[in-house]
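K.L.:
There are 2 protein chains.
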Amino acid sequence: MAGFIMSGSVSPLAPKSFVPMPSLRGVRMATASAGIKYKNRTDVLMMVFDKPASVAGVFTRSKCPSAPVDFCRANLPHGTARAVVVNSGNANAFTGMKGRQATALTAKSAAAAVGCGENEIYLASTGVIGEPLDATKFSGVLDRMQAEATGDFWFEAAKAIMTTDTYPKVSTRSAEIGGVAVTINGIAKGAGMIAPDMATMLSFVVTDADIASEALQALLSDGVGPTFNSMTVDSDTSTSDTLMLFATGAAAEDGQARIERADDPRLAAFRAALNEVLKDLSLQVVRDGEGATKMLEITVTGAESDAAAKRIALSIANSPLVKTAAAGEDANWGRIVMAVGKSGEMADRDRLAIWFGDIRVAVNGERDPDYSEAAASNVMKAQDIPVKVDIGLGSGSATVWTCDLTKEYVAINGDYRS
Amino acid sequence: MAGFIMSGSVSPLAPKSFVPMPSLRGVRMATASAGIKYKNRTDVLMMVFDKPASVAGVFTRSKCPSAPVDFCRANLPHGTARAVVVNSGNANAFTGMKGRQATALTAKSAAAAVGCGENEIYLASTGVIGEPLDATKFSGVLDRMQAEATGDFWFEAAKAIMTTDTYPKVSTRSAEIGGVAVTINGIAKGAGMIAPDMATMLSFVVTDADIASEALQALLSDGVGPTFNSMTVDSDTSTSDTLMLFATGAAAEDGQARIERADDPRLAAFRAALNEVLKDLSLQVVRDGEGATKMLEITVTGAESDAAAKRIALSIANSPLVKTAAAGEDANWGRIVMAVGKSGEMADRDRLAIWFGDIRVAVNGERDPDYSEAAASNVMKAQDIPVKVDIGLGSGSATVWTCDLTKEYVAINGDYRS
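Those protein sequences? They're chains A and B, same order as listed.
Residue 1 is where the first sequence starts when you use our numbering, and the numbers rise one by one after that.
Residue 1001 is where the second sequence starts when you use our numbering, and the numbers rise one by one after that.
1) Just to confirm my understanding: we take S1255 of chain B, look at its own chain, exclude 5 residues before and 5 after, and list those with CB closer than 7 Å. What are they?
2) Taking A1102 of chain B as the reference, which of B:S1139, B:S1088, B:E1290 and B:V1114 has the closest Cα?
3) Excluding five sequence neighbours on each side, which residues of the same chain lie with their C-beta closer than 7 Å to the C-beta of K98 of chain A?
4) If you drop the 5 nearest sequence neighbours on each side, which residues of the same chain put their C-beta closer than 6 Å to that of A14 of chain A?
5) When the cut-off is 8 Å and only beta carbons count, does P320 of chain A lie next to chain B?
6) Locate the beta strand (DSSP E) running through C72 of chain A, then write down its first and last residues.
7) Can you give me the C-alpha to C-alpha distance between P196 of chain A and D1264 of chain B, rounded to a whole angstrom?
8) From the DSSP output, in three-state form, read off C1403 of chain B for me.
9) Nearest CA to the CA of N1229 of chain B: which residue from B:L1281, B:T1406, B:S1213 and B:A1175?
10) Residues in its own chain within less than 8 Å of D1288 of chain B by CB, not counting five upstream and five downstream?
11) Mind pulling the chain B residues with CB within less than 8 Å of V410 of chain A?
12) Under 8 Å between C-beta atoms, does A362 of chain A make it to chain B?
13) Report yes or no: is there a C-beta of chain B within less than 8 Å of the C-beta of A199 of chain A?
14) Quick one: what does DSSP say N275 of chain A is sitting in, helix, strand or coil?
15) Is the Cβ of I129 of chain A closer than 8 Å to any Cβ of chain B?
16) Consult DSSP for K388 of chain A and reduce its assignment to one of helix, strand or coil.
17) Looking at the unbroken beta strand (DSSP E) that takes in I187 of chain A, where does it start and where does it end?
18) Could you tell me if A1147 of chain B is buried or exposed, where buried requires 16 or more neighbouring beta carbons within 10 angstroms of its beta carbon?
19) The alpha helix (DSSP H) with K310 of chain A in it runs from where to where?
20) Quick check on the DSSP output: the alpha helix (DSSP H) that includes S1486 of chain B runs from which residue to which?
21) At what residues does the alpha helix (DSSP H) containing T1150 of chain B begin and finish?
22) For E366 of chain A, go through chain B and note every residue whose CB falls closer than 8 Å to its CB, in chain order.
23) Is it the case that the segment 1307 to 1327 of chain B contacts the segment 1204 to 1212 of chain B, given that we only count it when at least three CB pairs across the two stretches are under 8 Å?
24) Can you check the segment 320 to 382 of chain A for any alpha helix (DSSP H) of at least 4 residues that lies completely inside it and give the ranges in chain order?
25) With 8 Å set as the bound, which would you pick, yes or no: does the beta-carbon of A1126 of chain B sit closer than that to a beta-carbon of chain A?
26) Measuring alpha carbon to alpha carbon, tell me which residue in B:S1395, B:V1044, B:R1335 and B:I1129 is nearest E1156 of chain B.
27) Using a C-beta cutoff of 8 Å, does A338 of chain A count as contacting chain B?
28) Short of 9 Å Cβ to Cβ, which residues in the segment 150 to 184 of chain A face chain B?
29) What are the residues of the segment 45 to 66 of chain A that lie near chain B, defined by any Cβ-Cβ distance shorter than 8 Å?
30) When burial is assigned at 16 or more other CB atoms within 10 Å of the CB, is D152 of chain A buried or exposed?
31) Here's the rule I'm using: 16 or more other beta-carbon atoms within 10 Å means buried, otherwise exposed. How should P1369 of chain B be labelled?
32) So the alpha helix (DSSP H) D1222 of chain B belongs to, where does it begin and stop?
33) Use the C-beta contact count for T1136 of chain B: other C-beta atoms within 10 angstroms, 16 or more gives buried, fewer gives exposed.
34) Consider the Cβ of N378 of chain A: report whether some Cβ of chain B lies at a distance smaller than 8 Å.
35) With the cut-off set at 8 Å, would you say A113 of chain A and T80 of chain A are in Cβ contact?
36) Identify which residue in B:V1085, B:I1184, B:C1116 and B:G1130 has its Cα closest to the Cα of P1149 of chain B.
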């Protein structure tokens, strides 16, 4: 994006270029600089739906969720959305009664600006936990933001919700529903405190398709399993994870028949496109993992079940020793063995096989006699490192994504608040 | 210990001095430099019991255990020990048939040197995973080691089994059983790949008490819960974790009546002393955590059960974000909230209270209005940082220990094999 200027150092794994984001009928956006924590940057995003949009959401499974997560969960059964207000710099989490007051004030201001009920407002906050959020800072600007909001603003929207992200995350796909073209646009933020479930981040995906909220929720809940819930940066799950999907229904003007059920066969292409957006955004989050210099794609096959395969894959992906070895470009498959062993899932040492890229380094419970350390080291020098583990017991499989663990991760998180 | 010279940099959390280790009747030790991986240092330890000793052990729960762990598990039901052979530099793990051949050769050589059955030999190996271990390197020296073994050798023994440890770990206590004085001596190694269950390490504890193996096993299994299984450095569980307890029975010469059952009331003082040795050794391992500059003692109270409290405490202790905050001396209690929330255990945000040292930083689901950031920061400047979390729901409690996560951890593990 020509107009985008990176500040500070950008992840070496960042996309080399950004896709142009088409505008999407039925949604407008504006950003503002409210000075919540950061100086000289936007920190509030408002999305406005001109007509009530269908809405679906998945949220952190933390037992200590943020006030905005509580607020969204309560509104979701209502089933329509008119606005989303997101701020960065303060998570409004573990803020007790003050936190609830902040969400109430924001919702009231947003509802007044848009002219809708407070149960059609959705909120998200990201940043420091435990600091009271002064919602008056941005609730006062929502009127103006609503008036100024425009459709061609996806990239700016993605920038406004960044915290320790080094680049904004956007994705777009198109699909047809019953012969009518629809678009899916998404933005995400997240770089640390990233783990299933949910991966710790905020993401907002919007389509102009006309799909009922129940169907939308089913599509989203199915879609997160192999995408956002299959990535981990540091195994830490945030209090604020929020992924929402909105359908403005504007494609109805082109004759798209409204879809009521997720199992409607006319959704096949849309579902595939949505899952691509979710995967694209989630991988962009991993590739912006704090301090990351490598991305690991860990595929486990031959496990007792898909669920067992995923637990083994996450045990590998969350192992500090596997992640530091990746940082050191060390094809240290012994640590893969360790992580398989500690997963608690069924494994038989003498059936295990392990690959880095195409190089099989271990087979039948010991080092592959034909493996060349030089060839394996070569795989480790790349930015993207495929790791494959075959358990040799069943047909369960799973793929997860993570990044390496570097000194920069420690530096970024050793003085985040100060 | 006057004769001990540290090489390289020693953990700032290391003991300021080492306790003198008394010799213990019935066990002799020798070390040798077999050049398995390291140069200019000892890397083989042999412990010899002149009479068959009672024996107990707990081992890694890894599904991919090392060959020596398999070997020890198989011998344990036999119930007596005559020798232990330990090497550092190579874990003999994931070495398949070659690994079993190496344990068989070592056991055969040790049995021949001591004059006992191979089922009275115990083995442990620590170091790199997946490299075949050339057991001929040290099996040839066991005869000589057996002959040279002496009683006053605990400190040298602890040094021979070190890998990335920066100091040797020894502990001693005495107790009385039925009026007869007995001694308990222990050594341990471990610095990374440390997590329950077991904490990743090797430890050998010996007493001259006369206690049957069944009773010894019960004492050991009870003792590890609040000690070795309550510490974590990096959440990674090794393939080789081994903790063994031997009783030479030499105190019988002083009239100590043999103890057959762990619930024998005469064991009360012995049990307490043993648990102190286990705690002392396990904390020494945490204090030598790779790259550690801080020790965190995390106490959780008010959980639904003791087991729930321990899972919450471990969720905190294993959180990279909590550990990097500690490294940065940041009283970032928001990350404690996050870790409580992700543990999966019952928690009510609005009942949580959190302390760093004596400073209560959060109460009733929000920041403590009376808390002084300066006072909390002061707590974080100390080497030992007590963290307390009250869940406010029940009476379950647990304490675990961990260290901070520093750039040095990444450096140590980013090029361990090279």
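Each residue gets a CB set at the ideal place from its N, CA and C atoms; glycine is no exception.
P.N.:
With the given structure in hand:
1) As a working mapping, residue 1255 of chain B is identified with position 255 in the second sequence. Looking at the sequence provided, one finds Gly at residue 1255 of chain B rather than Ser. Contacts found: V1180.
2) The residue given as residue 1102 of chain B occupies position 102 in the second sequence. It is B:S1139.
3) Your numbering for residue 98 of chain A matches position 98 in the first sequence. P132, listed in sequence order.
4) The sequence position of residue 14 of chain A within the first sequence is 14, counting from 1. Correct list, in chain order: Y167.
5) Position 320 of the first sequence holds residue 320 of chain A. Interface residue, yes.
6) Your numbering for residue 72 of chain A matches position 72 in the first sequence. Per DSSP, C72 of chain A belongs to no beta strand (DSSP E); it is in the alpha helix (DSSP H), A67 to N75.
7) Numbered from its first residue, the first sequence carries residue 196 of chain A at position 196. Numbered from its first residue, the second sequence carries residue 1264 of chain B at position 264. For P196 of chain A, the pLDDT reaches just 40, beneath the cut-off of 50, and the residue's location in the model is therefore unreliable, although a value from the coordinates is still provided. Cα to Cα, the separation comes out at about 48 Å.
8) Indexing the second sequence from 1 puts residue 1403 of chain B at position 403. C1403 of chain B falls in the strand class under three-state DSSP.
9) Your numbering for residue 1229 of chain B matches position 229 in the second sequence. Cα-wise, what sits closest to N1229 of chain B is B:L1281.
10) Looking up residue 1288 of chain B in the second sequence gives position 288. Within the same chain, D1288 of chain B has close Cβ partners S1011, L1013, A1014, D1165, T1166, Y1167, K1169, G1190 and A1191.
11) As a position in the first sequence, residue 410 of chain A is number 410, starting the count at 1. By Cβ distance, chain B contributes T1324, A1327, L1405, T1406, K1407, Y1409 and V1410.
12) Mapped onto the first sequence, residue 362 of chain A falls at position 362. Chain B, which has a Cβ nearer than 8 Å to the Cβ of A362 of chain A, makes this yes.
13) The residue you call residue 199 of chain A lines up with position 199 of the first sequence. Reliability fails at A199 of chain A, whose pLDDT of 38 lies under 50, so the model's placement of it is uncertain and no value is given.
14) Indexing the first sequence from 1 puts residue 275 of chain A at position 275. N275 of chain A: helix per DSSP, three-state reduction.
15) Reading the first sequence from its first residue, position 129 is the one you call residue 129 of chain A. Cβ-Cβ to chain B under 8 Å: yes for I129 of chain A.
16) In the first sequence, the residue the question calls residue 388 of chain A occupies position 388. Three-state DSSP puts K388 of chain A in a strand.
17) Within the first sequence, numbered from 1, the residue matching residue 187 of chain A stands at position 187. Start and end: V180 to K189.
18) Residue mapping note: residue 1147 of chain B aligns to position 147 of the second sequence, counting from 1. When all chains shown are included, A1147 of chain B counts as exposed.
19) The residue you call residue 310 of chain A lines up with position 310 of the first sequence. Unbroken alpha helix (DSSP H) run through K310 of chain A: D306 to A317.
20) Outside the shown range of chain B, which is 1001 to 1418, sits residue 1486 of chain B, and nothing can be said about it.
21) Walking along the second sequence from the start, residue 1150 of chain B turns up at place 150. Element bounds for T1150 of chain B: n/a, residue is neither H nor E.
22) As a first step, residue 366 of chain A is located in the first sequence; it is residue number 366 there, counting from the start. Within chain B, the residues near E366 of chain A are F1094, T1095, G1096, M1097, K1098, G1099, G1130 and P1132.
23) no
24) 320 to 327, 333 to 342 and 373 to 381
25) Counting from one through the second sequence, the residue named residue 1126 of chain B turns up at place 126. The residue asked about is misnamed: residue 1126 of chain B is Thr in this sequence, not Ala. Judged by the 8 Å Cβ criterion, T1126 of chain B is not in contact with chain A.
26) In the second sequence, residue 1156 of chain B corresponds to position 156, counting from 1. It is B:V1044 whose Cα lies nearest to the Cα of E1156 of chain B.
27) To locate residue 338 of chain A, count along the first sequence from 1; it is residue 338. Just to set this straight, residue 338 of chain A is Met in the shown sequence, not Ala. Yes, because at least one Cβ of chain B sits closer than 8 Å to the Cβ of M338 of chain A.
28) none
29) T60, R61, S62, K63, C64 and P65
30) By one-based count along the first sequence, residue 152 of chain A stands at place 152. Exposed.
31) On the second sequence, position 369 is the one that residue 1369 of chain B refers to. Per the 10 Å Cβ criterion, exposed.
32) Position 222 of the second sequence, counted from the first residue, corresponds to residue 1222 of chain B. Taken as a continuous stretch (DSSP letters only), the alpha helix (DSSP H) holding D1222 of chain B covers S1213 to V1224.
33) Here residue 1136 of chain B refers to the residue found at position 136 when the second sequence is read from its first residue. Classification of T1136 of chain B: exposed, given that the 10 Å Cβ count is below 16.
34) Along the first sequence, one-based indexing puts residue 378 of chain A at 378. It does not; no Cβ of chain B falls within 8 Å.
35) Against the first sequence, residue 113 of chain A aligns to sequence position 113. Against the first sequence, residue 80 of chain A aligns to sequence position 80. Not a contact, by the Cβ cut-off of 8 Å.
36) Here residue 1149 of chain B refers to the residue found at position 149 when the second sequence is read from its first residue. Note that residue 1149 of chain B is Ala in the sequence shown, not Pro. Ranking B:V1085, B:I1184, B:C1116 and B:G1130 by Cα distance to A1149 of chain B puts B:V1085 first.
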